[in-house]
Amino acid sequence: MPKHSLANPPLSVLIVSYNTRAMTLSAIRTLRLHTRTPIRVLVWDNASTDGSAEAITAAFPDIHLVRSPSNIGFARANNRLAEFARTPWILLLNPDTELRTDAVDQLLSFAKTHPRHGIYGGRTIFADAHLNPGSAWMRITGWSSLCAALGLSTLLRHTTLFNPEGIGGWARNTMREVDIVQGSFLLIRRAIWRDLGGFREHYFMYGEEADLCLRAIARGYRPLITPNAEIVHHAGAASPDRGDRQILLSRARATLIRDHWNVRHHDFGIGCMVTGSLVRRLAYGTLGQMAPARFATRARAAAAVWHARREWRRGYGRGTTPLAPVAGTLDAAADADPEVSHRPMAIPGRSIPR
């Protein structure tokens, strides 16, 4: 049986829960079952109404659980949880994930073997064992925006040329440097997290890990994926409504463009998004009429995104890094880990384009 109660564990696992009671319980249970590394599990419940907090406390009384009186979003919740982390490493883990192997052990070992990359992720699959490609992405560029607007990244999703953000054609079965590690399974050294200021809190939901990774790259780090750390990710369980979810994703994408592109290129990037929304509205609207059983849900989602374009195109608004440690919750001594150095890699020319 794995041990989880050592006085000084190397890793804190942060889980933000929102109305995912059964999945959160499964995530914690499988995490403990398949992880031999001593860990500390920290859970933030974002004012769930399905009894999540009560169920977690009953099933795992030793877990540090924070009950929020309101839904403060994914970014802010993780920042608050990170204030309680006193370990050298932090792992962000979605509540809609489950472990079937020793993925956490593998990921931590991999990170210690490649210490200067800073941020690490693994391979995600769906429950039926098919690849879930969302574990890693490349940054938004002018070319990728144009491909998305014209539908090429969907029609030709298996090619890297026309689906550069999704790294089409890569089965996540090799070690690879990427621009973005998805926040559902993201390992980072706590010293780097604090140096970056954690998540920027104007990202309410989605996009926060992309922003974090891009800021890390600007400081010389290079996020790295290993196929040896594999988990199941039931993507979208925390926000199941496709229309609402797509609106949040669009708003996050617009925020990334405004935060990381030169201001002279904002109109092009946002314009591509609006064009793509119209293309999907027309395409899925037509397909929804021809084959409603197959495309009705996508047609409704595309229509919702199109009608909300004036809202999401503004993004979440420019924000500042909010991480202000709570007195007494941080252990500065835990930043030091004699095993490895966490200095960034020197990568000429690998900075955020302006």
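Position in the sequence shown (first residue = 1) + 1 = this note's numbering. We put the CB at the ideal spot given by N, CA and C, even for glycine. Because the structure is a prediction, the values reported are computed rather than measured.
By the beta-carbon neighbour count (other beta carbons within 10 angstroms, threshold 16), Trp144 is exposed.
DSSP places Val14 inside the beta strand (DSSP E), whose first and last residues are 12-18.
Taking C-alpha positions only, Tyr317 is separated from Arg158 by approximately 28 Å. Contact check for Ile57 and Thr25: beta-carbon distance about 6 Å, within the 8 Å limit, so the pair qualifies. Taking a cut-off of 8 Å on C-beta distances, the segment 12-29 touches the segment 89-105, as three or more cross pairs fall below it. Taking the Cα positions, Gly169 is about 25 Å away from His115. Per DSSP, the continuous alpha helix (DSSP H) segment holding Gly244 begins and ends at 243-261.
Beyond the five residues adjoining it in sequence on each side, Gly135 comes within less than 8 Å, by CB distance, of Thr125, Gln183, Ser185, His234, Ala236 in the same chain, given in chain order. By the beta-carbon neighbour count (other beta carbons within 10 angstroms, threshold 16), Leu12 is buried. Residue nearest to Ala78 within the set Glu55, Thr38, Val17, Ile226 is Val17 (criterion: CA-CA distance). Ranking Thr276, Thr256, Arg87 by CA distance to the CA of Trp194 puts Arg87 first.
Cβ neighbours of Leu257 within its own chain (closer than 7 Å, five residues either side excluded): Ile141, Gly208, Ala211, Asp212. Contact between the segment 289-301 and the segment 257-273 is absent, with fewer than three C-beta pairs closer than 8 Å. Under the criterion of beta carbons closer than 8 Å, Ile120 and Ala217 qualify as touching, at roughly 6 Å. For Ala219, the closest C-alpha among the options Leu108, His118, Arg81 is that of His118. Here Ala130 is not near Arg173, since their CB atoms are 8 Å or more apart. In this structure, Thr175 and Pro228 form a Cβ contact; the two beta carbons are roughly 6 Å apart against a cut-off of 8 Å. Per the C-alpha coordinates, the member of Arg310, Arg33, Gly52 positioned closest to Asn20 is Gly52. Assignment of beta-bridge partners to Asp106 by DSSP yields no partner. In the structure shown, the three-state DSSP call for Pro293 is helix. The C-beta distance from Leu66 to Ala54 rounds to 6 Å, short enough to meet the 8 Å contact threshold. In this structure, Val179 keeps its C-beta atom at 8 Å or more from the C-beta atom of Leu92. Counted as a single uninterrupted DSSP element, the beta strand (DSSP E) harbouring Ala230 occupies residues 225-234.
Rounded to the nearest angstrom, the gap between the Cα atoms of Gly199 and Ile64 is 22 Å. Annotation: Leu187 to Lys113 spans about 14 Å, alpha carbon to alpha carbon.
Unbroken alpha helix (DSSP H) runs of no fewer than 4 residues, entirely contained in the segment 43-97, are found at 53-60, 75-83, following chain order. Boundaries of the beta strand (DSSP E) around Ile126: 120-126. By the C-beta density criterion, Thr36 is buried, having at least 16 other C-beta atoms within 10 angstroms.
For the 8 Å CB-CB criterion, Arg252 and Trp307 do not form a contact.
A straight-line Cα-Cα distance of about 16 Å links Ala128 and Ala230.
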